[in-house]
Structures are given as structure tokens and as C-alpha cells.
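J.:
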Amino acid sequence: MIKHLRSAADLDAATATLILDTAAEMAALSGREVKKLPALRGRTVVNLFYEDSTRTRISFEAAAKRLSADVINFSAKGSSVSKGESLKDTALTLQAMGADAVVIRHSASGAPHRLANWVEGSVVNAGDGTHEHPTQALLDAYTMRSRLGRLDGLKVAIVGDVLHSRVARSNVLLLTTLGAQVTVVGPPTLIPLEVGAALSDKTQVSYDLDAVLPESDVVMMLRVQTERMQDSYFPSAREYSRRYGLDVPRLKRLPEHAIVMHPGPMNRGMEIAPEVADSPRSTIVEQVANGVSVRMAVLYLLLGGK
Ligand code: NCD
Numbered sequence: 002m003i004k005h006l007r008s009a010a011d012l013d014a015a016t017a018t019l020i021l022d023t024a025a026e027m028a029a030l031s032g033r034e035v036k037k038l039p040a041l042r043g044r045t046v047v048n049l050f051y052e053d054s055t056r057t058r059i060s061f062e063a064a065a066k067r068l069s070a071d072v073i074n075f076s077a078k079g080s081s082v083s084k085g086e087s088l089k090d091t092a093l094t095l096q097a098m099g100a101d102a103v104v105i106r107h108s109a110s111g112a113p114h115r116l117a118n119w120v121e122g123s124v125v126n127a128g129d130g131t132h133e134h135p136t137q138a139l140l141d142a143y144t145m146r147s148r149l150g151r152l153d154g155l156k157v158a159i160v161g162d163v164l165h166s167r168v169a170r171s172n173v174l175l176l177t178t179l180g181a182q183v184t185v186v187g188p189p190t191l192i193p194l195e196v197g198a199a200l201s202d203k204t205q206v207s208y209d210l211d212a213v214l215p216e217s218d219v220v221m222m223l224r225v226q227t228e229r230m231q232d233s234y235f236p237s238a239r240e241y242s243r244r245y246g247l248d249v250p251r252l253k254r255l256p257e258h259a260i261v262m263h264p265g266p267m268n269r270g271m272e273i274a275p276e277v278a279d280s281p282r283s284t285i286v287e288q289v290a291n292g293v294s295v296r297m298a299v300l301y302l303l304l305g306g307k
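Per the numbering used here, the sequence shown starts with residue 2, numbered consecutively.
1. Cβ-heavy atom distance between Arg269 and the ligand NCD below 6 Å?
2. Should the region 156-163 be called in touch with the region 210-227, which here means at least 3 C-beta pairs below 8 Å?
3. Enumerate in chain order the residues of its own chain whose CB-to-CB distance from Lys78 is below 6 Å, with the five nearest sequence positions on each side excluded.
4. Go ahead and pull the three-state DSSP assignment for Leu152.
5. Count the other C-beta atoms from every protein chain shown that fall within 10 angstroms of the C-beta of His107, then say buried if there are 16 or more, exposed otherwise.
6. Take Glu287 as the anchor and find which of Ile273, Ile260 and Glu276 has the nearest alpha-carbon.
7. Can you pull the DSSP bridge partners for Asp71?
8. Given the structure, does Thr18 come close to the ligand NCD, in the sense that its CB is under 6 Å from one of the ligand's heavy atoms?
9. With a cut-off of 8 Å on the beta carbons, I'd call Thr184 and Ser207 a contact; round off their distance for me.
10. Could you round the C-beta distance between Lys4 and Leu300 to whole angstroms and report it? I think they count as a contact, below 8 Å.
11. According to DSSP, is Met297 part of a helix, a strand, or is it coil?
12. Using 7 Å as the threshold, is the C-beta distance between Ala127 and Asn172 below it?
13. Round the Cβ separation of Leu6 and Val125 to the nearest angstrom and send it over; I've been treating them as touching at under 8 Å.
14. Can you name the residues that DSSP bridges to Ile105?
15. Suppose the cutoff is 7 Å on Cβ atoms and the five residues either side in sequence are ignored; what does the same chain contact list for Arg148 look like?
16. Quick one: is the Cβ of Val168 within less than 6 Å of any heavy atom of the ligand NCD?
17. Taking the C-alpha atoms as reference points, what is the distance between Pro39 and Asn291?
18. How about Leu116 and Val47: do their beta carbons lie closer than 7 Å?
19. Answer yes if the region 230-237 comes into contact with the region 265-278, meaning at least three C-beta pairs across the two stretches below 8 Å, and no otherwise.
20. Suppose you measure from the CA of Thr55 to the CA of Ile105; what does that come to, to the nearest Å?
21. With burial defined as no fewer than 16 other Cβ atoms inside 10 Å of the residue's Cβ, what is the status of Gly150: buried or exposed?
22. When every heavy atom of the ligand NCD is checked, does at least one fall within less than 6 Å of the C-beta of Arg56?
23. List the endpoints of the continuous beta strand (DSSP E) containing Val186.
24. CA-CA distance, Gly270 and Ala65?
25. Just curious, the alpha helix (DSSP H) that Ser242 is in, first and last residue?
26. Taking 7 Å as the threshold (C-beta atoms), are Leu175 and Ala142 in contact?
27. Rounded C-beta distance between Glu121 and Arg167? I'm assuming under 8 Å.
28. In terms of alpha-carbon separation, which member of Gly99, Arg170, Leu21 and Gly246 lies closest to Leu152?
29. At a cut-off of 6 Å, would you count Gly111 as near the ligand NCD, judging by its Cβ distance to the nearest heavy atom?
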């Protein structure tokens with residue numbers, strides 16, 4: 002087993018499949034009255050969150066607790082980080098406390114890689130800048146597999162703000178490792194040539210959502226990440242939504258069996274219409290539930306739980 006999960010590229014097909022299979026066993030547990038396993042009793046998991054998060058943070062906390070680990074939640078707000086303490090000094094503090102795993106979310110791409118040099122425990126990337134978010138990709142793959150029965154040969158469209166999306170990057174890496182055919186779709190400003198070129202040996206690139214929809218088994222909508230945009234990438238929210246938003250008429254262009262995904266948080270009415278987000282084709286709430294099982298599997302396997 003690998004020691005750290007910093008990138009979806011850390012996972013070969015066998016390891017990724019082992020995580021998904023283990024997550025399925027963990028999911029069976031959540032149907033029971035007592036949801037706890039003693040697997041990580043006496044181990045310490047630190048959640049180190051420098052960036053805002055709702056789902057991911059709660060999910061990692063629930064996962065570690067269901068495995069009986071001791072959980073320490075650290076958020077940059079209200080800590081010595083606001084006094085200017087560096088990541089390295091924070092890491093050394095965690096090290097001194099004996100963290101067996103550190104789950105980190107940080108606005109700087111590459112922060113989990115640096116952290117892994119400074120702590121002895123396992124490092125799990127919970128989202129670093131615009132770079133990667135491997136456990137999101139794992140929970141997305143898990144959701145696709147449980148809804149559609151397979152990943153190999155599955156046609157997946159990832160739509161929207163590809164440029165700023167760590168979710169897109171990790172999904173491209175993981176899904177192609179597992180045999181899916183991925184097409185990234187969005188305006189040229191949000192899939193610039195160099196990004197398209199970097200992805201092109203693994204994926205297709207398209208600027209025409211309506212052409213891609215009828216061919217897709219899965220359509221994954223991405224949030225438009227205005228907080229990461231210094232320039233204007235499209236004329237207006239309305240114009241964006243008209244070209245790249247998933248509304249009810251577009252939903253009807255999808256094959257009958259196709260599912261609609263979104264990692265959250267959503268801009269309802271922009272990249273996804275409320276009726277689509279709440280439709281039976283949408284797996285958005287399921288993705289959140291699956292996130293806990295997948296993160297249990299990741300922590301369990303990385304820490305060599307019994
Ligand atoms: C994503 C993230 O933070 O990268 N959300 C998540 O983890 N569920 C996507 C986003 O912020 O748009």
C-alpha cells in the first residue's frame with residue numbers, strides 16, 4: 002500500500018480498485034445501528050484545513066471517528082497561522098503531537114507534497130489550490146461504479162471551470178487509470194490551449210456541451226470558481242449559463258441511464274439549474290454519503306488498520 006495520497010497519480014488501477022472495494026465494505030457498515038469499527042483505535046488523525054470547506058472536512062472527521070481514531074481538527078482561522086506561523090512550523094507541532102495521518106487542505110498547490118517531507122505520518126491531500134483533490138475523485142468513481150456498474154469504457158463529461166478545478170484534474174487522472182473515457186468541456190477561456198494540450202493524451206477536449214451530452218454516461222458539472230478568477234473569463238453569468246449550464250432541456254439530451262454529478266458547493270442557476278440538481282438523475286447527495294465510506298477506506302488502508 003502507498004503511504005501518502007497526494008495525487009490521483011499515486012494510484013495505479015489495482016490500488017484504486019482496492020480502495021473502492023474497501024469503501025463498499027465500509028458502506029455496508031453505515032446501514033448498521035452501531036456505525037463504529039475499532040480499526041484505528043489509539044491512532045491520531047489531524048484535519049489541517051487552511052481553506053474553507055463544508056463537505057470534505059465533515060466527511061474526513063466522520064470517517065476517522067467511525068474508525069475509532071482520535072481526531073484533532075485544526076483550522077487556520079483562530080490558530081497561530083493568523084499570527085504568521087509557517088506550514089513547516091505547524092507541521093513540526095503536529096509531528097510532536099504524534100499525528101499518524103494529516104489530512105490537509107491548502108490554497109497553495111503542492112502544499113501536501115511539502116508537508117510529507119516534514120511529518121512522519123501519512124499525508125492525505127484534501128484539496129491543494131487548483132492542483133488536486135484525490136479523495137473527491139475516488140468518491141466520484143465510487144458513485145459512478147455503484148450507479149452504473151462499471152468504470153471501464155464509461156463515457157464521462159467533465160464540464161465547466163476546468164482551469165481552476167482540482168476536482169477535474171484528479172478525476173481525469175483517476176478515471177483514465179480505471180479505463181473511463183473522459184471529455185472535458187467548457188469555454189476556451191476556461192480550458193486554455195496549454196491545459197487542453199496537457200490533458201490531451203488522456204482526454205478529449207470539447208467546447209460544445211450540446212454535442213457531448215447525447216454521448217455521455219456521466220456528466221459532472223464543476224463550480225465556477227470566481228474566488229480564483231482575477232480576470233473575466235466570460236461575458237456574464239447569464240451568458241455562461243446559456244452556453245455551459247445544465248438546464249432541463251439539456252438534461253433531456255442525455256441518454257436515459259445517464260447520471261448528473263456535482264462535487265458541491267453548487268452555484269444553483271449558474272452551472273446547474275435547481276430542477277436538475279434536485280432531479281432523480283442527480284447523485285449529488287449520494288456523492289456526499291459515499292465520501293465518508295471512501296475516506297474511511299483511504300485512512301484505513303494508508304494507516305494499515307486491522
Ligand atoms: C470542491 C473543492 O473544494 O475543491 N468541493 C469539494 O471538495 N466538495 C469543488 C469546489 O470548490 O468547487
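Just so it is clear, CB atoms sit at the ideal spot from N, CA and C, and this is done for glycine as well.
T.: According to the structure shown:
1. no
2. The region 156-163, when compared against the region 210-227, does touch it at the 8 Å Cβ threshold.
3. none
4. coil
5. So His107 ends up on the buried side.
6. Checking every option, the nearest Cα to that of Glu287 belongs to Ile260.
7. Thr45
8. no
9. 5 Å
10. Rounded, the Cβ-Cβ distance is 13 Å, inconsistent with contact.
11. If DSSP states are grouped into helix, strand and coil, Met297 belongs with the helices.
12. Contact: no.
13. 5 Å
14. In DSSP, Ile105 forms a bridge with Leu49 and Asn126.
15. Ile260 and Thr284
16. yes
17. 20 Å
18. no
19. no
20. About 14 Å.
21. When all chains shown are included, Gly150 counts as exposed.
22. Distances taken from the Cβ of Arg56 to the heavy atoms of the ligand NCD include one shorter than 6 Å.
23. Gln182 to Val186
24. 35 Å
25. Ala238 to Tyr245
26. Against a cut-off of 7 Å, the Cβ pair of Leu175 and Ala142 comes out as a contact.
27. With a Cβ gap of about 26 Å, Glu121 and Arg167 do not count as contacting.
28. Leu21
29. no
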